[in-house]
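Visitor: Pasting a structure here, questions to come.
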Amino acid sequence: MALKTAGSVVTVLDPRGQPTNVIEPLPMAPRLDSLEGKTIHLIDIGFGGGWEFLEEVVAWFERNMPSVKTVLKHKTGIMFMDEPQMWEDARRDAHAVIFGVGG
Amino acid sequence: MENDALNHGMRLRFTYAPYPLVGRPREVLRRYVEGDDPVTGRPIMQQVVEALTLPLTPEEKEPQARRGAPRPRLLAADKEENLHQLFLESGWTDGLPIVLPTEERVAHMLTGTAADPNEVVGRMTITVHQEKLEYTVEKVAVNAVMAGAGPEHLPVILALAATEEPALPSSTTSFGRMAFVNGPIREEIGMNAGLGALSPFNHANSVIGRAWTLMAINLADSRLGETFMASLGNTINYNNMMFAENEERSVWEPFHVRKGFKKEESTVSVFQGWTAINSMGAAGCCRPAQEEMLIIMQAFPCLRGAITMVMDPLVAAHIKEQGFDHPDQLSEYLSKNFKMTAKQFWGSDVVYSLVEPFARSGMQPFATWLDLPDDALIAPYGVPENINVVVVGGETQALWLTTDMWHGKTVSVDKWRPKSGVYEEDPDAARRRSARLKRHAAALSRSGYAESSGH
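Chains as they are written, first to last, in the numbering used here: chain A, 14 to 116; chain B, 43 to 497.
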């Protein structure tokens with residue numbers, strides 16, 4: 014279809030979809046005063062290299078902060094799925110969590 | 043990563059290691075851990091400790107919601123050349139020139155459907171880590187205009203939009219898409235199911251495929267480096283392998299009928315995967331095509347146990363001559379006879395990342411496969427329903443494409459038609475149709491196909 018206003022000022026429609034704005038922000042969990050004597054879960058979410066990297070993080074804690082207890086874990090299921098049991102285990106058994114995202 | 047967290051409502055503390063990690067020797071990973079964050083330049087482990095112990099900031103205690111401002115219906119009036127520049131520089135195009143979506147053009151496009159312009163068609167995002175955008179019939183029409191489509195193409199484009207499946211699903215692995223149309227609308231809008239159907243010679247195939255990409259950009263918020271993270275990208279993204287099934291020359295019933303639709307219904311089917319391998323004309327010369335398929339399938343990692351064979355009518359006829367009266371029988375044959383070693387299966391990076399977690403959690407058959415010796419043979423395409431077949435092409439060569447595409451959805455096009463059922467051609471549409479028919483007739487004549495096939 015020919016543009017009748019070619020060569021002049023024209024008005025066009027915005028091609029973009031509308032934001033849905035459905036996400037509600039969550040406050041961050043309180044921080045620890047210190048890691049001394051605390052238990053940290055290190056959770057690999059499954060991308061290649063993440064597990065091996067976290068093993069080295071565990072070794073770093075053993076060398077540099079031996080009072081910290083580390084628990085290295087695989088996330089069950091793939092990285093795109095929520096895992097309520099993982100959160101429940103962390104709340105019950107850990108003071109803090111470090112997630113490892115490899116790739 | 044940070045956007046991912048924010049789009050789940052979470053403000054998190056991040057520390058970055060050099061990339062990639064996969065495949066790096068252990069001593070390198072140790073150096074990474076003891077070294078600096080390449081983003082901040084500060085020691086990685088110091089940042090980790092601080093992330094867990096430094097007091098929360100006010101924003102971390104009481105985060106504010108990120109709210110996108112509503113987009114206006116109209117952009118500020120401007121000269122054509124400036125608007126073209128705006129669309130290009132804003133990332134609202136595929137890099138090719140577009141047709142500017144003026145009110146006049148969009149109104150004309152909307153004559154191609156009976157749907158209310160304000161009807162919400164769906165919500166889409168190119169990544170599960172991002173909030174969806176919502177879009178109406180009019181927004182779809184805007185992107186259809188930009189793609190160069192006519193009103194006759196709008197029902198198929200609306201059906202694609204209604205799948206809520208974006209053409210550019212974001213993955214660092216660089217996804218591709220495929221879609222094809224079945225039913226009477228193929229001919230009514232002049233789609234090509236025959237000679238060169240997957241090449242850029244047909245207006246309808248081209249603009250419908252392009253519109254799907256533009257909708258992914260504008261209606262699913264594809265932004266390079268922010269939401270779209272494909273490392274190489276994929277040339278399939280330009281047109282998404284858009285074609286029509288050659289129902290007339292296929293020896294089997296059409297794809298959409300096999301999926302439960304009536305033959306007289308029009309549908310579009312969408313697929314997702316990465317790539318396609320051309321058989322280069324191996325059907326029946328030295329070994330049957332189905333045996334060649336088993337060899338070609340070895341090239342794929344079997345991530346989802348899904349394959350789609352896109353085959354010329356000559357291949358379908360050849361396969362049927364081998365005793366496969368229904369394509370489901372071919373699917374069952376391939377599912378049963380394809381084997382690979384456990385070592386080959388588990389050695390794939392994507393299988394390691396996305397399938398091994400299921401095996402560790404006990405899901406069968408993956409848990410059993412994980413315990414097998416390296417040289418044990420497994421049948422990773424164990425669900426025949428995940429092996430699909432579609433027929434397209436001009437019968438100048440008996441070849442097929444083996445694709446790793448999995449079937450997403452097949453949806454009706456008919457609900458999006460105009461009240462008359464078929465768009466009544468305006469002079470522009472009639473001219474496009476006439477030019478297409480002339481070009482196609484000339485091509486068939488040159489190939490000799492028209493005489494030999496009786497078409």
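Ideal placement from N, C-alpha and C gives every residue a C-beta, glycine not left out.
Pull up the CB-CB distance for B/P426 and B/S373, whole angstroms please, since I reckon it's below 8 Å.
Guide: 4 Å
Visitor: Would you mind telling me which residues of chain B sit closer than 8 Å to A/A109, beta carbon to beta carbon, in chain order?
Guide: L94
Visitor: Just to confirm the assignment, what range does the beta strand (DSSP E) spanning B/A391 have?
Guide: Looking at the sequence provided, one finds Asp at residue 391 of chain B rather than Ala. No beta strand (DSSP E) holds B/D391; the alpha helix (DSSP H) holding it covers D391 to L396.
Visitor: What's the call for B/M166, buried or exposed, on a 16-neighbour Cβ count within 10 Å?
Guide: B/M166 counts as buried, since at least 16 other C-beta atoms from the protein chains shown sit within 10 angstroms of its C-beta.
Visitor: Can you tell me where the beta strand (DSSP E) with A/H54 in it begins and where it stops?
Guide: T52 to D57
Visitor: Report yes or no: is there a C-beta of chain A within less than 8 Å of the C-beta of B/R53?
Guide: yes
Visitor: Which residues in chain A have a C-beta closer than 7 Å to the C-beta of B/Q106? List them in chain order.
Guide: P38
Visitor: Can you tell me whether A/D27 is helix, strand or coil according to DSSP?
Guide: coil
Visitor: How about B/V75 and B/Y58: are their beta carbons less than 8 Å apart?
Guide: no
Visitor: Answer with buried or exposed for A/V22, where buried requires no fewer than 16 other C-beta atoms within 10 angstroms of its C-beta.
Guide: exposed
Visitor: List the residues of chain B whose Cβ lies closer than 7 Å to the Cβ of A/S47, in chain order.
Guide: T95
Visitor: Which residues in chain B have a C-beta closer than 8 Å to the C-beta of A/D27? List them in chain order.
Guide: Listed along chain B are R113, P114, R115, L116, L117 and V184, each with a C-beta nearer than 8 Å to that of A/D27.
Visitor: Which residues share a DSSP beta bridge with B/N320?
Guide: B/N320 is bridged to B/L443.
Visitor: From the beta carbon of B/A359, is the nearest beta carbon of chain A less than 8 Å away?
Guide: no
Visitor: If you reduce the DSSP assignment to three classes, tell me which class A/L48 lands in.
Guide: When secondary structure is reduced to three states using DSSP, A/L48 falls in the coil class, being assigned neither helix nor strand.
Visitor: Answer with yes or no whether the minimum CB distance from B/A201 to chain A is below 8 Å.
Guide: no
Visitor: Could you check how far apart the C-beta atoms of A/H108 and A/T52 are, in whole angstroms? I think they sit under 8 Å.
Guide: 5 Å
Visitor: Ignore the nearest five residues each way along the sequence and tell me which others in B/D79's own chain have a CB closer than 8 Å to its CB.
Guide: Around B/D79, the same chain offers T57, Y58, A59, P85, I86 and Q89 as residues with beta carbons nearer than 8 Å, after the five sequence neighbours per side are excluded.
Visitor: Pull up the distance between the alpha-carbon of B/W254 and that of B/L200, whole angstroms please.
Guide: 9 Å
Visitor: Can you give the Cα-Cα distance for B/L261 and B/F129, rounded to whole angstroms?
Guide: Going by the C-alpha atoms only, they are around 14 Å apart.
Visitor: If you drop the 5 nearest sequence neighbours on each side, which residues of the same chain put their C-beta closer than 8 Å to that of B/M382?
Guide: Closer than 8 Å at the Cβ level, and outside the excluded window around B/M382, lie Q340, C344, L419, I420 and P422.
Visitor: Find the nearest neighbour of B/T169 within the set B/K385, B/L142 and B/A47, judged by alpha-carbon distance.
Guide: B/A47
Visitor: Which of the three DSSP states is assigned to A/V22 in this structure?
Guide: Strand, per DSSP.
Visitor: Around the Cβ of B/R228, are there at least 16 other Cβ atoms within 10 angstroms (buried) or fewer (exposed)?
Guide: buried
Visitor: Are any of the Cβ atoms in chain A nearer than 8 Å to that of B/D446?
Guide: no
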